[in-house]
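Here's the structure, in structure tokens; my notes come after.
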Amino acid sequence: MSPRLDYYSASPGAMRAMIGLEALTSRLSIEPALLNLIRIRASQLNGCAFCTDMHSVDARRQGETERRLFAVAVWRDSGFFSERERAALAWTEAVTLLAESQVPDDVYTLACGSFSEEELVDLTMAISTINSWNRLAVSFRQSPGG
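Heads up: the sequence shown is residues 827 to 972, going by the working numbering.
Here it is, written out as structure tokens:
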């Protein structure tokens, strides 16, 4: 699959805004290890090989285990994730699959049990941001490097 266009050079202003949003989400209340998990899960759901690869590599560099990374796609059936991580992964799936899920009340209740109001907004911003990156990378056929 060949790239369709270089979105960084096609619209530098838009990309500066995206980079700014990414920088902001990385400084909010959600811990970096959890940010990596939600970025990976959203990217898997969106079929974004580029972002799944990039954030898996980032997670490993930050000390995440391969075993947990392999289990992100099947987190519900794995005992490797904490209650907070499970709530974040459920929220990630519901927000990412918005048209299908409408973010059900039970998922909201679960998230509220593990996150403060501020953290839940911050988590949702991080999910929204990775979903935007996924849409760019998938639409313009950005693929992982070798």
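The C-beta atom is built at its ideal place from N, Cα and C for all residues, glycine as well.
Would you kindly work out how many angstroms separate the C-alpha atoms of residue i and residue j, rounded to a whole number?
i              : j                 : result
arginine 830   : glycine 939       : 43 angstroms
leucine 863    : arginine 842      : 24 angstroms
alanine 897    : serine 855        : 24 angstroms
asparagine 960 : alanine 913       : 22 angstroms
alanine 925    : leucine 850       : 26 angstroms
serine 882     : isoleucine 866    : 7 angstroms
valine 947     : aspartate 931     : 16 angstroms
threonine 891  : leucine 923       : 27 angstroms
arginine 910   : phenylalanine 941 : 8 angstroms
arginine 886   : glutamine 928     : 32 angstroms
serine 828     : threonine 935     : 43 angstroms
alanine 899    : glutamine 968     : 21 angstroms
aspartate 903  : alanine 836       : 42 angstroms
In the structure shown, what three-state DSSP assignment does residue i receive?
i                 : result
glycine 839       : helix
glutamate 815     : As displayed, the chain neither begins before 827 nor continues past 972, which places residue 815 out of reach and without an answer.
threonine 950     : helix
glycine 846       : helix
aspartate 903     : helix
asparagine 960    : helix
isoleucine 866    : helix
phenylalanine 970 : For the record, residue 970 in the displayed sequence is proline; it is not phenylalanine. Three-state result, proline 970: coil.
methionine 880    : helix
Would residue i be called buried (16 or more neighbouring beta carbons within 10 Å of its own) or exposed?
i              : result
alanine 868    : buried
isoleucine 953 : buried
alanine 920    : buried
If you measure between the beta carbons of residue i and residue j, is that distance less than 7 angstroms?
i            : j                 : result
tyrosine 834 : phenylalanine 966 : no
arginine 894 : phenylalanine 876 : no
leucine 861  : threonine 955     : no
proline 970  : aspartate 884     : no
Item to check | Contact the stretch 870 to 878 vs the stretch 960 to 970: 3+ CB pairs below 8 angstroms | outcome: Output reads yes: the stretch 960 to 970 touches the stretch 870 to 878.
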